[in-house]
Amino acid sequence: MANILLVYPSPEVQKQWRFGFSLNLLYLSSILKQAGHKVIFKDYSVENLNLEALTELLSQIEVAIIEFDSFPLKRALNIHNGEFLANFIKHTNKGIKTIAFGYDCILQPRIIPNIDYVLAQEPEKAIAYVIKCLLAKMEINRQDLGTMKIEDLDDLPFPDRTILSSYAEHGGSIYRKSTLAKSTLVQTSRGCMNTCRFCQRKGWTNKYNEHSIDYVISEFHDITASGYKNVWICDDNFTFNLNRAKKILKRLINDRLTEGMHIALSSWIRIDREFLELAKQANVSVISVGIESTNQEILKFYNKQINLDETEKLIRFADQLGVYIVGNFIIGAPMETENTINDTFEYIMRIPFDQVNVKILDYMLGSKLYSELPDDKKNSERHIFACKETALNDFPMEYLKNRIHTFMKEFTASRRNHFINKASRFGLPYKLLNGGVRPHR
Ligand code: SF4
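Take the sequence shown: its letters are residues 58 to 498, numbered as in our numbering.
What follows is the structure in structure tokens.
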């Protein structure tokens, strides 16, 4: 059995804060411990990279596993820092076997310098085999690897939350003071069979896989017993199977598993009032929904079907219930005009969103939009923002950034009183450390 180092390299750009860590590494930790390995975890997205301390640590390590992540999770790549760490590890101790895995390896399978094996698939079923082969200097059989897929998500153990630092569990880092009560992530399903053309997730999974409801409830028992107060359900789309999502919420309510807890989740807007009522009863405090645009031609371009009137009614209903709604929007489609941007911004202002994210359309590796670009436009970039400079719409990049910046200032100012009233009636969206007060924006 080996001493194994699991590493999350630091993101290359520190973008707007949001809670999170790599659940993938936590699943690997559980699997490797079950196989009898000793696991040490270093998360350089929250802690400082101290090369002296790392050198000392490496003297006890036989295998280092580095996650090469993709944009949506930490909102920045970490692959160059991953390459730096691989180089550092091999130069410190040549005998250490190095493995890279992660969404970036699936999106762009390649040889990575100083990495002994790049695992370009979901790693959980294959990791023990790859480690065994590397340590025994045996050839890794690609055909065997191809059979090591997760058919039943319930085969996975619960992620190993014991390896997380207090920083990670309280929303802090070396750059940011901890503010949240004990917090964690949970994943009840992977994938989403919706067809949004900008969605990068389609690049690393083309199937939808879900845990049984019993598994989810059992994991929530574990989470509750461990004293977590904020839980982010980090499924790609928690309500892709709306009936199942409702059944999970009903069980959480009946088993009183989320009392005193706050839950946040992401969902498409194909939900209904019953879902919102159940969510409220289960202590879901935040729902993040993708709407993208209010222009039907643009929605058609994104391959997204949304009934805007129905969406407005649902958001108003969620607001009455005291559920905080985050709306996600994109500007910059090829047919975008001043009028369509104005229409989208007016819609946002009219409706009681508690927070919005407005992004510039990004053609990201893995998305259908990116795959349809001619090669000369991709120019080996992993993503290309839509703007006049890239000939993907008529608006200069700076102009789009300014439009968003100005709008966000207006939006934030306009919601201040609404937020204060809502928080005083229903409480804050997240539980805070030691009862401190920190608004969510
Ligand atoms: S609903 Fe969300 S997860 Fe599903 S395809 Fe669209 S953007 Fe991706």
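Even glycine gets a Cβ: it sits at the ideal position worked out from N, Cα and C.
So does residue i have its beta carbon nearer than 6 Å to some heavy atom of the ligand SF4?
i	result
Trp-261	no
Trp-325	yes
Cys-190	no
Asp-293	yes
Arg-247	no
Asn-266	no
Asn-251	yes
Arg-258	yes
Report the residue from the options whose alpha carbon sits nearest the alpha carbon of residue i.
i	options	result
Phe-76	Asn-135, Asn-60 and Leu-237	Leu-237
Ser-222	Asp-100, Ala-375 and Tyr-456	Asp-100
Ile-231	Asp-329, Asn-105, Ile-207 and Glu-316	Asn-105
Met-318	Leu-309, Ser-324, Leu-299 and Phe-442	Leu-309
Glu-429	Arg-254, Glu-196 and Gly-389	Arg-254
Ala-443	Asn-340, Tyr-420 and Asn-300	Tyr-420
Gln-71	Pro-166, Ser-102 and Gly-203	Ser-102
Ile-355	Glu-393, Arg-327, Leu-192 and Cys-190	Glu-393
Pro-409	Lys-479, Met-195 and Asn-171	Lys-479
Asp-211	Gln-377, Gln-244 and Arg-233	Gln-244
Phe-128	Leu-489, Trp-261 and Glu-181	Trp-261
Glu-316	Gln-377, Lys-488 and Tyr-404	Lys-488
Glu-467	Leu-449, Ile-405 and Arg-167	Ile-405
Leu-422	Ile-372, Lys-435 and Arg-472	Lys-435
Inspect the beta-carbon positions of residue i and residue j and report whether they are closer than 7 Å.
i	j	result
Asn-135	Pro-66	yes
Asn-352	Thr-397	yes
Ser-342	Pro-486	yes
Met-241	Tyr-186	In the sequence under discussion, the amino acid at residue 241 is Thr, which differs from the Met named in the question. Not a contact, by the Cβ cut-off of 7 Å.
Asp-217	Leu-83	yes
Ile-461	Val-415	yes
Asn-60	Lys-90	no
Leu-63	Ile-122	yes
Gly-384	Leu-457	no
Leu-202	Lys-154	no
Phe-483	Gly-379	yes
Ile-197	Ser-86	no
Ile-305	Val-346	no
Ala-225	Phe-78	yes
Ser-324	Thr-401	no
Can you pull the DSSP bridge partners for residue i?
i	result
Ser-324	Val-346
Trp-289	Leu-242 and Ala-321
Asn-60	Lys-95
Gln-412	Val-383
Arg-247	Asn-266
Met-421	His-440
Leu-299	DSSP output for Leu-299 lists no bridge partner at all.
Ile-388	Ile-417
Tyr-65	Asp-100
Leu-489	Leu-237
Ser-275	Its beta-bridge partners do not exist; DSSP assigns none.
At which residue ranges does the stretch 157-223 contain complete beta strand (DSSP E) runs of 3 or more residues, listed in the order of the chain? The stretch 157-223 contains these whole beta strand (DSSP E) runs: 174-176.
What residue ranges within the stretch 69-157 form continuous alpha helix (DSSP H) runs of no fewer than 4 residues, ordered along the chain? Listed in chain order, they are 80-91, 108-115, 128-131 and 136-149.
Any beta strand (DSSP E) of 3 or more consecutive residues that is wholly inside the stretch 340-378: If one requires a minimum length of 3 residues, the beta strand (DSSP E) runs lying completely within the stretch 340-378 are 341-349, in chain order.
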